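Student:
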Amino acid sequence: RMAQTEPNLDHDISWFLLPSCWAKTVVALISFLCFANSYDGDFVFDDSEAIINNKDLRAETPLGDLWHHDFWGSKLSSNTSHKSYRPLTVLTFRINYLFAGGFYPVGFHVINIILHCTISVLMVDVFSILLGGLQFTNKGRRLNLAPKTSLLAALLFAVHPVHTECVAGIVGRADLLCALFFLLSFLGYCKAFRENKEGHNFSVFWVLVSVLLGAIAMLCKEQGITILGLNAVFDALVINKLNILEFIQKLLRKDKSLESAGLLRKGLLFRITLLMSGGASILYIRWRIMGTGPPAFTEVDNPASFADSLFVRAINYNYYYSLNAWLLLCPWWLCFDWSMGCIPLIKSVSDWRIIALAALWFCLIGLICQALCSEDSYKRRILTLGLGFLIIPFLPASNLFFRVGFVVAERVIYLPSIGYCILFTYGFSLLSKQAKKKKILAVAVLGILLMNVMRCALRSSQWRSEEQLFRSALSVCPLNAKVSQLCTFNLFFFLCKSLFLKAIKANPNAASYHGNLAVLYHRWGNLDLAKKHYEVSLKLDPLAPGTKENYNLLRRKLEQLQKKGGA
């Protein structure tokens with residue numbers, strides 16, 4: 001009854017046809033299996049700064065401070081603040097800490113896994129709209145016009161290995177919460193087009209709800225604001241069936257009336273005005289809260305942004321885009337940190353890596369031409385929606401509007417992967433249409449899904465401890481100074497700890513073994529275990545050399561920390 005597109009993709013592919021409830025159950029179970037083994041992992045990498053050392057998680061910190069601090073617990077007004085304003089994400093960390101009674105990572109990990117499963121289930125509904133169109137029954141129930149392709153696309157999203165950082169890394173909750181409200185905003189916007197009791201074509205209430213959910217998404221992570229732009233694109237393409245090329249041509253002619261351009265059709269201009277006004281207001285408030293302008297990053301965080309030459313900056317930014325695209329296409333080369341010299345700068349056109357960005361733009365320009373010029377209206381809409389969901393959520397991380405504090409970050413392509421899944425599914429349908437043996441092609445896609453599941457499980461296990469995470473990074477980014485340094489320090493710690501524990505197991509009454517292990521824990525900041533082994537050592541031998549002095553130093557440090565916590 002409303003905004004139906006031709007649901008021809010399902011006719012072309014050989015795939016499983018399941019009722020909506022069963023499709024969602026399958027997606028939930030498979031997404032859970034991918035990352036279930038990360039539930040008992042440690043706090044790793046950025047978790048120490050965002051969670052363990054973040055005073056905003058503790059009960060003694062007033063809740064109101066969360067609205068004046070950045071993601072890492074620093075004041076937003078500080079010149080050293082990263083300006084990453086995500087108070088709702090920090091609030092969920094605080095709730096985790098409160099219910100767990102301390103820093104126990106299991107609860108944090110379980111919430112992340114549940115969030116990813118929930119998002120993957122919502123993807124079934126989102127993809128059914130994006131691939132099949134939006135249509136309601138007389139009773140206002142939305143029809144699923146693409147049950148097979150929406151299931152395939154949701155599975156592709158659920159098992160993509162590039163999502164491991166967001167799910168297995170606790171700090172990735174910012175991306176997960178942002179994605180959750182991002183999708184709810186989109187689904188809320190779609191509800192605006194159910195015919196209401198007054199017989200109006202759309203509901204202003206649901207448009208405003210969508211704007212509110214977009215604001216909540218941004219309070220979880222900055223990318224959330226981009227959903228307002230995507231809602232406008234969806235409205236123009238699916239609800240109003242606007243031909244973008246024709247629209248541009250009409251604007252370039254002498255007859256530039258809004259009616260002839262199609263902007264007044266079905267209230268499109270009014271809804272876009274609501275979205276733009278809401279988005280501008282949210283961004284203004286966000287900018288005022290930041291206080292002192294954009295964050296200050298160092299050259300090691302993002303070398304290309306500090307290059308003097310505009311050519312060098314542009315060429316390297318585009319190379320970074322090509323790496324992000326490659327991670328979506330072939331997610332086998334994953335690393336938790338791509339900065340600190342991991343990717344050397346391209347400084348001349350003779351660098352062979354120029355081929356990568358040339359290939360990226362060749363593909364993008366080809367897709368854009370098809371999205372604008374194809375005679376098939378359905379093809380135009382699918383390609384434009386795919387490119388929109390691929391590019392628009394990525395814009396905050398693109399260095400185009402402001403400098404970002406990373407080179408490549410797998411977590412920032414959690415949302416753009418929606419566009420990749422749309423384009424992959426559409427490409428699969430085109431191949432199926434031309435292939436004589438559709439089942440063989442379906443088996444190949446099933447094989448890709450299975451490999452991704454195994455890759456997710458492997459990558460999740462690598463995120464369970466810093467030792468495994470650093471080891472995995474050495475093979476991908478050996479030039480990264482941070483990876484090499486952290487790996488050296490942590491491997492030394494784990495090796496020494498392992499040797500001391502074995503020695504204590506063989507001779508539990510040796511005071512010197514407990515004393516040495518206590519010193520190791522003390523130096524690496526694990527003060528509770530250090531205190532425990534100092535006390536055991538002193539109990540076994542009160543005159544153990546140096547142990548009493550080290551124990552007194554530890555006690556003074558703990559007293560200072562308690563005083564700071566109570567201040």
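Under UniProt numbering, the letters of the sequence shown match residues 1 to 567, in that order. From the three backbone atoms N, C-alpha and C, an ideal C-beta is built for every residue, glycine too. Just so you know, these numbers come straight off a predicted model, no measurement behind them.
Okay, do the stretch 137-144 and the stretch 101-110 touch, 3+ Cβ pairs below 8 Å being the bar?
Tutor: No, the stretch 137-144 is not in contact with the stretch 101-110.
Student: Could you compute how far the alpha carbon of residue 606 sits from the alpha carbon of GLN434?
Tutor: No answer is possible for residue 606: the residues shown for the chain start at 1 and end at 567.
Student: Can you tell me which of the three DSSP states PHE136 falls into?
Tutor: Within the sequence shown, the letter at position 136 stands for residue 136. If DSSP states are grouped into helix, strand and coil, PHE136 belongs with the strands.
Student: CA-CA distance, LEU400 and CYS220?
Tutor: The residue you call residue 400 lines up with position 400 of the sequence shown. The residue you call residue 220 lines up with position 220 of the sequence shown. Rounded to the nearest angstrom, the two C-alpha atoms are 22 Å apart.
Student: Are ASN112 and LEU176 closer than 9 Å when you measure CB to CB?
Tutor: Taking the first residue of the sequence shown as 1, we reach residue 112 at position 112. Taking the first residue of the sequence shown as 1, we reach residue 176 at position 176. Yes. Within cutoff.
Student: Alpha carbons only, please: which of VAL159, ILE114, PHE127 is nearest the one belonging to ILE170?
Tutor: As a position in the sequence shown, residue 170 is number 170, starting the count at 1. ILE170 has its Cα closest to that of ILE114, out of VAL159, ILE114, PHE127.
Student: Does DSSP put LYS197 in a helix, a strand or coil?
Tutor: Counted from its first residue, the sequence shown places residue 197 at position 197. Summary for LYS197: the model assigns pLDDT 47, below 50, so the residue's position carries little reliability, and this model does not support an answer.
Student: In the structure shown, what three-state DSSP assignment does ARG142 receive?
Tutor: Walking along the sequence shown from the start, residue 142 turns up at place 142. Three-state DSSP puts ARG142 in a strand.
Student: When you compare each of ALA304, ALA192, GLN462, LEU183 to ASP235 by their alpha carbons, which one comes out closest?
Tutor: In the sequence shown, residue 235 corresponds to position 235, counting from 1. Measuring from the Cα of ASP235, the nearest candidate turns out to be ALA192.
Student: Taking Cβ positions, are ALA28 and CYS166 nearer each other than 9 Å?
Tutor: Here residue 28 refers to the residue found at position 28 when the sequence shown is read from its first residue. Here residue 166 refers to the residue found at position 166 when the sequence shown is read from its first residue. Contact flag unset, no.
Student: Is the beta carbon of LEU517 closer than 9 Å to that of LEU561?
Tutor: For the purposes of this step, residue 561 is taken as residue 561 along the sequence shown, with counting starting at 1. For the purposes of this step, residue 517 is taken as residue 517 along the sequence shown, with counting starting at 1. Against a cut-off of 9 Å, the Cβ pair of LEU517 and LEU561 comes out as no contact.
Student: Using DSSP bridges, identify the partner residues of LYS221.
Tutor: Here residue 221 is taken as the residue at index 221 of the sequence shown, counted from 1. Answer is none; LYS221 lacks a bridge partner.
Student: Quick check on THR5: does DSSP put it in helix, strand or coil?
Tutor: By one-based count along the sequence shown, residue 5 stands at place 5. Residue confidence for THR5 is low, a pLDDT of 44 falling below 50, so the modelled location carries little weight; the figure read from the coordinates is stated next. Coil, per DSSP.
Student: Can you give me the C-alpha to C-alpha distance between GLU198 and VAL209, rounded to a whole angstrom?
Tutor: Here residue 198 refers to the residue found at position 198 when the sequence shown is read from its first residue. Here residue 209 refers to the residue found at position 209 when the sequence shown is read from its first residue. With a pLDDT of only 48 at GLU198, under 50, the local geometry of the prediction cannot be trusted, and no value is derived from it.
Student: How far does the alpha helix (DSSP H) with SER309 in it reach, from first residue to last?
Tutor: Position 309 of the sequence shown, counted from the start, is the residue given in the question as residue 309. Taken as a continuous stretch (DSSP letters only), SER309 belongs to no alpha helix (DSSP H), as it is neither H nor E.
Student: Among the residues of its own chain, which have a CB less than 8 Å from the CB of ALA442, if the five just before and after it don't count?
Tutor: In the sequence shown, the residue the question calls residue 442 occupies position 442. If we look at ALA442 and ignore the five residues flanking it on each side, its Cβ neighbours are ILE13, SER14, TRP15, SER432.
Student: Of the residues ILE382, ILE225, ASN54, which one's Cα is nearest the Cα of ILE368?
Tutor: Within the sequence shown, numbered from 1, the residue matching residue 368 stands at position 368. Out of ILE382, ILE225, ASN54, ILE382 has the C-alpha closest to the C-alpha of ILE368.
Student: So the candidates are ASP70, CYS330, LEU91, VAL126; which of them puts its Cα closest to the Cα of PHE389?
Tutor: In the sequence shown, residue 389 corresponds to position 389, counting from 1. Nearest C-alpha to PHE389: VAL126.
Student: Please report the residue range of the alpha helix (DSSP H) in which GLY73 lies.
Tutor: For the purposes of this step, residue 73 is taken as residue 73 along the sequence shown, with counting starting at 1. Here GLY73 belongs to no alpha helix (DSSP H), and DSSP marks it neither H nor E.
Student: Could you pull out every residue in the same chain whose Cβ sits closer than 7 Å to the Cβ of GLY224, ignoring the five residues on either side in sequence?
Tutor: Locating residue 224 in the sequence shown gives position 224, counting from the first residue. Excluding residues within five positions, the ones whose Cβ falls inside 7 Å are CYS178, PHE181, PHE182, GLY214, ALA217, MET218.
Student: Can you name the start and end residues of the alpha helix (DSSP H) that PHE424 belongs to?
Tutor: Along the sequence shown, read from residue 1 onward, the residue named residue 424 stands at position 424. Element bounds for PHE424: 417-434.
Student: In terms of residues, what are the limits of the alpha helix (DSSP H) holding CYS166?
Tutor: Within the sequence shown, numbered from 1, the residue matching residue 166 stands at position 166. Where CYS166 is concerned, the enclosing alpha helix (DSSP H) stretches over 164-168.
Student: Between the Cα of SER465 and those of GLY267, PRO161, TYR39, spot the shortest distance and give me the residue it belongs to.
Tutor: The residue given as residue 465 occupies position 465 in the sequence shown. Cα-wise, what sits closest to SER465 is TYR39.
Student: Going by DSSP, what residue range makes up the alpha helix (DSSP H) through ILE440?
Tutor: In the sequence shown, the residue the question calls residue 440 occupies position 440. 438-462 is the extent of the alpha helix (DSSP H) around ILE440.
Student: Is SER398 closer than 9 Å to TYR317 when the C-beta atoms are compared?
Tutor: Along the sequence shown, one-based indexing puts residue 317 at 317. Along the sequence shown, one-based indexing puts residue 398 at 398. Their beta carbons are under 9 Å apart, which means TYR317 touches SER398 by this criterion.
Student: Pick from LEU543, ARG403, THR226, LYS148: whose alpha carbon is nearest that of ILE282?
Tutor: As a working mapping, residue 282 is identified with position 282 in the sequence shown. With distances taken between Cα atoms, ILE282 lies closest to THR226.
Student: From VAL211 to VAL536, what does the alpha carbon distance come to, in whole angstroms?
Tutor: The sequence position of residue 211 within the sequence shown is 211, counting from 1. The sequence position of residue 536 within the sequence shown is 536, counting from 1. Cα to Cα, VAL211 sits roughly 59 Å from VAL536.
Student: So VAL407 and TRP338 are supposed to be a Cβ contact under 8 Å. How far apart are they, rounded?
Tutor: Position 407 of the sequence shown, counted from the first residue, corresponds to residue 407. Position 338 of the sequence shown, counted from the first residue, corresponds to residue 338. That pair is a contact at about 5 Å.
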